[in-house]
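Beneath this line is the structure, given in structure tokens, with notes to follow.
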Amino acid sequence: MAFKSFTDNFTASLGCLLAPSLGRLATQLVLIPELSSREREIILDETRESLCSVLHGKLTRLLLLELNAARVSERLNGADGAERWHEFLELSAQFSFWEEQAEHYPSLLQRVECIVRNRCDASLLFARRWVADRASLNALCGTHVGELTELSFGAGDSHRGGFTVALLRCEGGRVVYKPRSMAIDVSLQDFINALAKEHGSALNIRVPRVVDRDDYGWGEFVEHRYAADHDELSGFYRGIGHWLAIMHLLGASDLHAENLIAHGDTPVVVDCETLFTPKIAMPPSGFGKALDYASSLIAGTVLNIGLLPGRAQTLGWRGVDYSGIGLLPGQQPMMPQPAILKAGTDEAYLGTTMVPVPIAQNHPSPEPALATYWPQALEAFDQLTATLRRLDTAGALEPRLRAFDDCRVRVVLRATEAYAEIARMLWHPVSLHNEAQARQRARHLLASMAANVVSAPSDPEVIESEIEDLLVGDIPFFSTRVSDGQLEGSRGVKWLQPNHLAQAALKHWRASDFAFERNVIRAAMVSAYLNDGWTSHLGTLAPAVIRSGDLDARRRAQAARIMQGLVKHAIRGDDGSVAWIAPVLNPTGWSVQLLGVDLYGGLSGVALLAAAYVRETRAGRADPVAGIEELSGAIQHTLRLSEEQLANTSHGDIKVRPPTPGAYLGLGAQIWTLLMLAQWSNHSSDELQRATVLAEGMLEAATADDMNDILSGRAGAIPPLLALAEYTHNPRFLEIAIQIGDQLRELARHDGDRACWVQPQMWPEGLGGYSHGVTGVGWALSKLARATGESRFEALAQAAFRFEDATFDEEEQSWIDLRNLGGPKIAAVWCHGSMGIGLAHLDLDPKFNHPRTELLLRRAAATTIRMGLGWNHCLCHGDLGAWELLDQLMARGVELAGMTRESLMARILSSLEEHGPSCGLTKEVFVPGLMAGVGGIAYQLLRMHPESRLPSILMIGS
Numbered sequence: 001m002a003f004k005s006f007t008d009n010f011t012a013s014l015g016c017l018l019a020p021s022l023g024r025l026a027t028q029l030v031l032i033p034e035l036s037s038r039e040r041e042i043i044l045d046e047t048r049e050s051l052c053s054v055l056h057g058k059l060t061r062l063l064l065l066e067l068n069a070a071r072v073s074e075r076l077n078g079a080d081g082a083e084r085w086h087e088f089l090e091l092s093a094q095f096s097f098w099e100e101q102a103e104h105y106p107s108l109l110q111r112v113e114c115i116v117r118n119r120c121d122a123s124l125l126f127a128r129r130w131v132a133d134r135a136s137l138n139a140l141c142g143t144h145v146g147e148l149t150e151l152s153f154g155a156g157d158s159h160r161g162g163f164t165v166a167l168l169r170c171e172g173g174r175v176v177y178k179p180r181s182m183a184i185d186v187s188l189q190d191f192i193n194a195l196a197k198e199h200g201s202a203l204n205i206r207v208p209r210v211v212d213r214d215d216y217g218w219g220e221f222v223e224h225r226y227a228a229d230h231d232e233l234s235g236f237y238r239g240i241g242h243w244l245a246i247m248h249l250l251g252a253s254d255l256h257a258e259n260l261i262a263h264g265d266t267p268v269v270v271d272c273e274t275l276f277t278p279k280i281a282m283p284p285s286g287f288g289k290a291l292d293y294a295s296s297l298i299a300g301t302v303l304n305i306g307l308l309p310g311r312a313q314t315l316g317w318r319g320v321d322y323s324g325i326g327l328l329p330g331q332q333p334m335m336p337q338p339a340i341l342k343a344g345t346d347e348a349y350l351g352t353t354m355v356p357v358p359i360a361q362n363h364p365s366p367e368p369a370l371a372t373y374w375p376q377a378l379e380a381f382d383q384l385t386a387t388l389r390r391l392d393t394a395g396a397l398e399p400r401l402r403a404f405d406d407c408r409v410r411v412v413l414r415a416t417e418a419y420a421e422i423a424r425m426l427w428h429p430v431s432l433h434n435e436a437q438a439r440q441r442a443r444h445l446l447a448s449m450a451a452n453v454v455s456a457p458s459d460p461e462v463i464e465s466e467i468e469d470l471l472v473g474d475i476p477f478f479s480t481r482v483s484d485g486q487l488e489g490s491r492g493v494k495w496l497q498p499n500h501l502a503q504a505a506l507k508h509w510r511a512s513d514f515a516f517e518r519n520v521i522r523a524a525m526v527s528a529y530l531n532d533g534w535t536s537h538l539g540t541l542a543p544a545v546i547r548s549g550d551l552d553a554r555r556r557a558q559a560a561r562i563m564q565g566l567v568k569h570a571i572r573g574d575d576g577s578v579a580w581i582a583p584v585l586n587p588t589g590w591s592v593q594l595l596g597v598d599l600y601g602g603l604s605g606v607a608l609l610a611a612a613y614v615r616e617t618r619a620g621r622a623d624p625v626a627g628i629e630e631l632s633g634a635i636q637h638t639l640r641l642s643e644e645q646l647a648n649t650s651h652g653d654i655k656v657r658p659p660t661p662g663a664y665l666g667l668g669a670q671i672w673t674l675l676m677l678a679q680w681s682n683h684s685s686d687e688l689q690r691a692t693v694l695a696e697g698m699l700e701a702a703t704a705d706d707m708n709d710i711l712s713g714r715a716g717a718i719p720p721l722l723a724l725a726e727y728t729h730n731p732r733f734l735e736i737a738i739q740i741g742d743q744l745r746e747l748a749r750h751d752g753d754r755a756c757w758v759q760p761q762m763w764p765e766g767l768g769g770y771s772h773g774v775t776g777v778g779w780a781l782s783k784l785a786r787a788t789g790e791s792r793f794e795a796l797a798q799a800a801f802r803f804e805d806a807t808f809d810e811e812e813q814s815w816i817d818l819r820n821l822g823g824p825k826i827a828a829v830w831c832h833g834s835m836g837i838g839l840a841h842l843d844l845d846p847k848f849n850h851p852r853t854e855l856l857l858r859r860a861a862a863t864t865i866r867m868g869l870g871w872n873h874c875l876c877h878g879d880l881g882a883w884e885l886l887d888q889l890m891a892r893g894v895e896l897a898g899m900t901r902e903s904l905m906a907r908i909l910s911s912l913e914e915h916g917p918s919c920g921l922t923k924e925v926f927v928p929g930l931m932a933g934v935g936g937i938a939y940q941l942l943r944m945h946p947e948s949r950l951p952s953i954l955m956i957g958s
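Using full-length UniProt numbering, read the sequence shown as starting at 1 and increasing by one per residue.
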């Protein structure tokens with residue numbers, strides 16, 4: 001997705017760099033008689049505009065550096081900052097200014113001239129192709145094309161010497177120019193047309209009509225149009241299912257949001273150049289053979305297509321769902337964008353501003369109801385897959401794939417974001433000053449990536465070619481013919497061995513587990529929704545009849561059933577390791593992947609669950625489940641492998657970003673898990689020693705992180721450190737907790753007597769609630785104050801609680817959900833609402849010593865009863881989390897509207913029996929995690945036994 005990097009503050013400074021080449025281009029355009037004078041002007045103006053945009057992004061840092069150098073050295077004579085700014089603009093608009101820069105930046109002008117020359121040559125070639133093909137393009141517009149009236153270069157990255165996609169507006173309509181062969185588009189549409197006849201019903205998919213000219217082509221411009229009604233919406237999502245079936249067969253990848261246009265009831269793939277992507281075997285990870293097998297399994301699924309939701313993890317795109325059916329409005333974080341701050345003065349500098357992710361054209365409605373229409377996509381996938389398998393059984397599928405043999409496809413070896421980061425480094429003033437050193441740094445980065453990313457090339461000759469592309473403003477481009485498979489890059493370099501890609505894709509498809517693929521599709525949906533699960537659009541899970549008898553036997557049966565599923569769905573390695581694939585929450589959001597090592601939805605949480613079940617079974621409080629003791633050992637073995645591998649990685653040559661510090665996603669989660677396992681095993685193993693090793697990295701992790709919350713941030717580091725200090729009697733861990741507490745003090749934003757912590761990408765004004773908001777941070781600071789006696793932490797905690805108090809709405813009689821997601825005004829959940837707020841204050845004041853506690857808890861309980869029961873069962877935002885607050889209050893004698901501990905338990909068990917364990921959108925997928933999966937349901941069922949002493953997962957360390 002293209003963001004314009006900067007404002008036009010320095011555009012005037014660049015004109016002198018463009019003038020000679022633009023003058024030559026103007027002369028060359030005059031020599032094309034078929035161009036009208038107006039068309040020549042349009043092509044020339046757009047070339048100038050696109051070049052200014054490209055150079056502005058690459059040279060702004062240099063100009064700002066030189067501006068500040070001129071200010072410091074008093075070479076500017078203006079009376080104030082604004083006058084000196086304009087004086088510098090006039091100075092830098094002279095070619096002599098740029099000539100003088102050669103002393104400091106020897107290769108600067110040569111590289112700029114190469115970019116300008118390449119773009120001008122590409123524009124001239126476009127003009128020649130336009131006049132040569134104009135008469136052939138009428139069919140793309142449905143009428144006479146006529147003259148060119150508007151032109152926009154740069155609709156995508158620049159490749160192979162300045163070539164970019166261009167959007168044209170003509171007298172007869174709109175056309176797309178692509179500087180690549182479009183034979184693949186023709187073959188794909190032919191394949192779809194033939195398949196539709198065999199399928200027996202319409203396929204709600206297509207690609208744009210094209211005119212192919214061997215190494216370039218012209219395509220129909222597809223207008224975005226929302227679906228007109230329910231039938232068209234259903235048709236659109238059936239089309240998504242059709243695309244998933246076809247693209248899985250054809251080995252597609254990189255079908256992101258900008259490559260899909262919603263046109264009524266039809267999802268149109270407007271760029272299909274990444275079909276038949278080679279499957280490259282992954283080397284051993286060091287995290288266990290189960291994970292390696294699961295990784296290869298998931299890498300070959302429909303997830304690899306790019307259509308299904310999933311959150312990006314790269315720093316520049318953290319949390320963004322950029323998939324073909326992603327970028328759901330209201331579900332994306334704010335994005336950082338470079339900006340010139342203090343522009344218009346001689347103190348201008350390069351900073352960052354937060355902007356919303358642009359609205360894409362991939363959705364059929366302004367507020368896509370993906371969860372509502374997903375069954376149509378699944379059904380369409382099943383039906384078309386059945387047709388494809390029938391054709392394959394009849395021997396008719398392989399011959400149809402031969403039509404793709406001579407088509408050229410692109411293979412994306414490295415993420416564009418990675419290339420962009422290295423390009424920014426290569427164009428930094430320091431790199432321009434010492435290009436040899438910058439080249440060496442780029443070589444090291446690209447080679448290091450190859451050691452960790454299986455598709456990234458390691459050949460020094462290929463890496464050198466990539467660097468040469470980046471030095472002149474291009475993103476490296478690799479392509480091959482389908483029947484060949486050996487990739488070709490710039491300057492004749494090659495990568496990978498020859499391989500018939502269509503035959504390889506068919507072989508891979510035949511080996512697919514289609515039931516597993518279907519589950520992956522269903523599971524992926526959850527990653528589109530940041531606020532999954534606590535809304536009511538999925539319907540109520542309130543039981544039709546509440547059965548009150550045999551509570552303990554029924555509790556045992558429900559817990560055992562979940563644990564049987566845990567055993568059944570485990571992926572095992574012959575080295576004793578174990579893995580699961582499921583929708584997982586990580587610091588960037590939801591995505592379907594292997595379980596990580598976290599507590600929220602990962603292996604640490606599952607390790608606690610399995611060990612707790614073994615413990616409760618031995619105590620006679622849970623029913624035996626075959627294989628659970630062996631599985632518990634395997635999970636703990638896998639956690640140990642993960643710790644060892646991460647330790648090896650952190651001590652290697654490659655600088656690795658520290659893990660997050662949080663209590664649920666991060667080091668805090670791992671430390672607390674190991675402490676619990678150590679306690680349950682009577683310290684018979686090495687868990688305590690491993691926890692202390694992890695804790696030594698906590699301060700670095702907290703310092704490097706940009707979150708302050710309990711879930712994944714600094715506040716979440718404090719409770720596990722306090723627990724570790726208590727277990728070990730080592731003041732070192734208390735000292736680390738104090739330092740992190742002081743970081744929270746420095747980062748707090750104060751407003752009068754209130755305090756909050758902001759997260760610019762998501763919540764720039766602060767947030768209430770427990771997992772991400774002030775309640776959790778205040779709770780952790782109060783715990784720190786009590787452990788240390790330091791009043792400054794308690795004072796800040798109380799300021800946080802005053803922020804929380806200010807979010808209370810008298811009309812709603814609950815706390816406002818400041819995320820403003822477009823749903824309910826308030827939430828009754830652990831993570832963002834009344835349940836978590838209530839539990840935090842109950843933990844801090846269990847005897848109601850503070851005058852405000854009982855009123856606050858009654859308000860929290862009332863909201864939880866009114867809104868927090870009956871939508872799903874999970875621990876984070878469902879019945880089993882609500883149970884903890886309500887049950888603890890009733891255990892302390894608080895009367896709750898005729899509810900008893902037994903009646904609440906009966907209600908929950910009856911709902912589980914009637915509906916099955918449901919965690920929102922993931923109901924039909926086995927999700928083993930604690931907080932948003934069925935694992936947390938089982939854990940709370942264990943805690944329901946009156947003699948259970950299992951600790952709370954919702955208030956760890958309490």
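Even for Gly, the Cβ is constructed at its ideal location relative to N, Cα and C.
Burial state of residue i (16 or more Cβ within 10 Å)
{"i": "residue 326", "result": "buried"}
{"i": "residue 531", "result": "Annotation note: pLDDT 42 at residue 531 (below 50); position unreliable, coordinate value reported separately. By the 10 Å Cβ count, residue 531 comes out buried."}
{"i": "residue 182", "result": "buried"}
{"i": "residue 730", "result": "exposed"}
{"i": "residue 749", "result": "exposed"}
{"i": "residue 290", "result": "buried"}
Rounded distance between the beta-carbons of residue j and residue i, thought under 8 Å
{"i": "residue 861", "j": "residue 889", "result": "6 Å"}
{"i": "residue 107", "j": "residue 432", "result": "7 Å"}
{"i": "residue 876", "j": "residue 830", "result": "5 Å"}
Coarse secondary structure for residue i, derived from DSSP in three states
{"i": "residue 144", "result": "coil"}
{"i": "residue 819", "result": "coil"}
{"i": "residue 895", "result": "coil"}
{"i": "residue 114", "result": "helix"}
{"i": "residue 234", "result": "helix"}
{"i": "residue 768", "result": "coil"}
{"i": "residue 366", "result": "coil"}
{"i": "residue 959", "result": "Residue coverage of the chain in this structure runs from 1 to 958, which leaves residue 959 outside it and unanswerable."}
{"i": "residue 750", "result": "strand"}
{"i": "residue 268", "result": "strand"}
{"i": "residue 52", "result": "helix"}
{"i": "residue 633", "result": "helix"}
Nearest to residue i (by Cα), restricted to the options the options
{"i": "residue 222", "options": "230, 817, 236 and 206", "result": "206"}
{"i": "residue 657", "options": "900, 772 and 698", "result": "698"}
{"i": "residue 670", "options": "517, 726 and 607", "result": "607"}
{"i": "residue 949", "options": "680, 796, 182 and 919", "result": "680"}
{"i": "residue 772", "options": "640, 813, 818 and 427", "result": "818"}
{"i": "residue 98", "options": "14, 337, 907 and 149", "result": "14"}
{"i": "residue 582", "options": "930, 946 and 192", "result": "930"}
{"i": "residue 415", "options": "28, 478 and 702", "result": "478"}
Check: residue i C-beta below 7 Å from any heavy atom of the ligand COA
{"i": "residue 720", "result": "Of ligands this structure carries none, so the ligand COA is not represented either."}
- request: Could you tell me whether the stretch 240-255 touches the stretch 372-388, where touching means 3 or more Cβ pairs closer than 8 Å?
  value: They touch, by the three-pair rule.
message: Under 8 Å, with one C-beta from each stretch per pair, do the stretch 341-360 and the stretch 56-76 reach the 3-pair mark?
response: Counting C-beta pairs closer than 8 Å gives three or more between the stretch 341-360 and the stretch 56-76, which meets the contact rule.
- request: For the stretch 481-497 and the stretch 401-419, state whether three or more C-beta atom pairs, one from each stretch, are separated by less than 8 Å.
  value: Touching, yes.
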